[in-house]
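Below is one structure; the comments refer to it alone.
Numbering (our numbering), first residue to last: 26 to 624.
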């Protein structure tokens, strides 16, 4: 009955959404809308987070992940300002008596030392008014200014200097957020899931700085469009590629080198990016007579094409692998592969959409010559998602969308390496699951000082059949031994087979998200937030950091989904004419149904 109730919520949700759209559209008919895209004047890259506002008013907007913006205001004469950190501010007088399409190219500051000092009136920082909490946004130029390890700029290590983020120890590229585990972080590269973020057992991350444009880490207050993890979301975006000129960038490090090429294509209707990176530490080891070998490589690809003024296609991919050989008797390799085909469509000056078809895979192989066998394990997923954003007015913006994600888990397959092997071939039963979701999220300016962001995500998880399942007395595969004070396994009482068209277990959850921002004065504000998240897949590991041999498993009959509730309160203030800022937050967080190995 509980699951049927969950299914019935969606029609009412969409009906209410349609009524809201109709009502607010009628209310905003007397206003006019300015919309467009903001790009870098030198390389044509779209700019995320550019502030566009009407000077002397509180009306403004911020570009989305694809550089699109839309703002609505009453008719009149205004000065339209484009402002982005590190770029020249542009002010344009406009007469707003009709809807305007204004694409804008902005350029970085260019100064000469001891000769010209460029100053500009900086707009009020968005952190005061926006209800967004526990979010850190880093530009790749900032990341490249941080100290490096062995000549390699590392995106993951740059995050570990942020408050609330800790590492797994030296030589590890995984990270923990606010007490969460590594598998509770959703890591996305151009919307594709990355399951293992490390190269060379954690000394480097899988993100090539020459291919990354920007990244955003949500430590709490995760927007409703993201789901599937209970601690954080790391959203990494690759460069689109220089659409103005052909360019080469690269670098040579102590144990690895990298090279990236980008430029225009399709008669200037698109661009491309190809970035590769590889290590050569194994060559030095061989020259030194060492039998052990450690190496890695990765490749980033991206291209885009302007179908029309309102339609744009993106195709991106990532391929990376690590290879280890120890003494000629043991070898291992692991890596990620992902691909994403996206279609951006602008329906009108207020409605923006993005349709994505995504593939992700992580696999590892283990070969032991002494026992003459190979071990192979993997996790794959296929994801289709459709996100839309409607800019009703300056006071109300709405995000909504749907997604469905199919998982394929291969816990392990063991193969003999030859006829003399004492190992018999064995395939552990593969597991399948389907995770679907629908969400709606609103950003609402209630008064000049009070802004709210609220929404809900409905997630539905189906542990699919196609395998055998052991049954236990009282549905308890583990029992607690009161004498030894430990959990112990129990013996199965029976076994049942599920066909591929059957469901082993289903779960559904409503995940509300809400935050408020109240501006105390021109320089300070307080914010309050709450979020609930559900995580349906789990990492089976006996270490605190990600290793190549970790195994992912879905929720099911004996494993419940993880559920997290987080409350946060923050104080934000700007100092010395907004040169410095303070962001202080306290939070309370709970996680239920966390699993672990028994002793």
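Ideal Cβ positions, reconstructed from N, Cα and C, are used throughout, including at glycine.
Taking the alpha carbon of residue i as the reference point, which residue from the options has its own alpha carbon closest?
i	options	result
residue 253	82, 181 and 485	485
residue 101	248, 560 and 118	118
residue 498	105, 583 and 597	583
residue 392	588, 222 and 349	349
residue 155	375, 451, 66 and 470	470
residue 261	511, 211 and 339	211
residue 264	528, 236, 271 and 430	236
residue 410	468, 250 and 494	250
residue 502	233, 510 and 519	519
residue 340	423, 331, 365 and 376	365
residue 545	563, 612 and 473	473
residue 516	163, 494, 377 and 303	494
residue 132	111, 116, 120 and 190	111
residue 115	69, 188, 65 and 421	65
residue 217	245, 338 and 361	361
residue 303	285, 295 and 322	322
What is the DSSP secondary structure of residue i, reduced to helix, strand or coil?
i	result
residue 168	helix
residue 208	helix
residue 154	helix
residue 67	coil
residue 530	strand
residue 182	helix
residue 307	helix
residue 226	helix
residue 215	coil
residue 249	coil
residue 462	strand
residue 499	helix
residue 50	In this predicted model, residue 50 has a pLDDT of only 47, less than 50, meaning its place in the structure is not dependable; the value taken from the coordinates is given anyway. Helix, per DSSP.
residue 203	coil
residue 393	strand
residue 316	coil
residue 110	coil
residue 271	coil
residue 431	strand
residue 342	strand
residue 134	coil
Residues in the same chain with beta-carbon distance under 6 Å from residue i, minus the five sequence neighbours each way, listed in chain order, please.
i	result
residue 629	For residue 629 there is no data in the structure shown, the boundaries of the chain being 26 and 624.
residue 80	104 and 106
residue 63	72, 75, 88, 92 and 129
residue 617	588
residue 343	214, 325 and 363
residue 18	Given a span of 26 to 624 for the chain in the structure shown, any question on residue 18 remains unanswerable.
residue 205	256
residue 297	266, 290 and 328
residue 423	415 and 467
residue 124	57, 58 and 374
residue 161	187 and 242
Using the rule of at least 16 other Cβ atoms within 10 Å of the residue's Cβ for burial, across every protein chain shown, is residue i buried or exposed?
i	result
residue 171	exposed
residue 605	exposed
residue 168	buried
residue 258	buried
residue 18	No answer is possible for residue 18: it lies beyond the span of the chain, which begins at 26 and ends at 624.
residue 201	buried
residue 537	exposed
residue 328	buried
residue 267	buried
residue 527	exposed
residue 109	buried
Please go through the same chain and pick out, in chain order, the residues whose beta-carbon is closer than 7 Å to the beta-carbon of residue i, but skip the five residues on each side of it.
i	result
residue 448	396, 397, 398, 439 and 441
residue 317	310, 350, 351 and 352
residue 620	563 and 584
residue 306	280, 319 and 320
Flag residue i as yes when its Cβ comes closer than 7 Å to any non-hydrogen atom of the ligand SAM, and as no otherwise.
i	result
residue 602	Absence of the ligand SAM is noted for the structure shown, with no ligands found whatsoever.
Is any beta-carbon of chain C found at less than 8 Å from that of residue i?
i	result
residue 555	Of the protein chains in this structure there is only one, and it is not chain C.
For residue i, collect the residues of the same chain with a Cβ closer than 8 Å to its Cβ; drop the 5 residues on either side in sequence, then sort them by chain order.
i	result
residue 455	433, 434, 435, 436, 491 and 492
residue 230	179, 180, 181, 182, 198, 222, 223 and 224
residue 504	512, 513 and 515
Report back the beta-carbon spacing between residue i and residue j to the nearest angstrom; my notes put them in contact at under 8 Å.
i	j	result
residue 404	residue 387	5 Å
residue 269	residue 427	Residue 269 to residue 427, Cβ: 36 Å. No contact.
residue 222	residue 181	6 Å
residue 127	residue 59	6 Å
residue 580	residue 523	That belief does not hold up - the Cβ atoms of residue 580 and residue 523 are roughly 15 Å apart, past 8 Å.
residue 550	residue 542	6 Å
residue 591	residue 209	With a Cβ gap of about 12 Å, residue 591 and residue 209 do not count as contacting.
residue 240	residue 163	5 Å
residue 530	residue 488	5 Å
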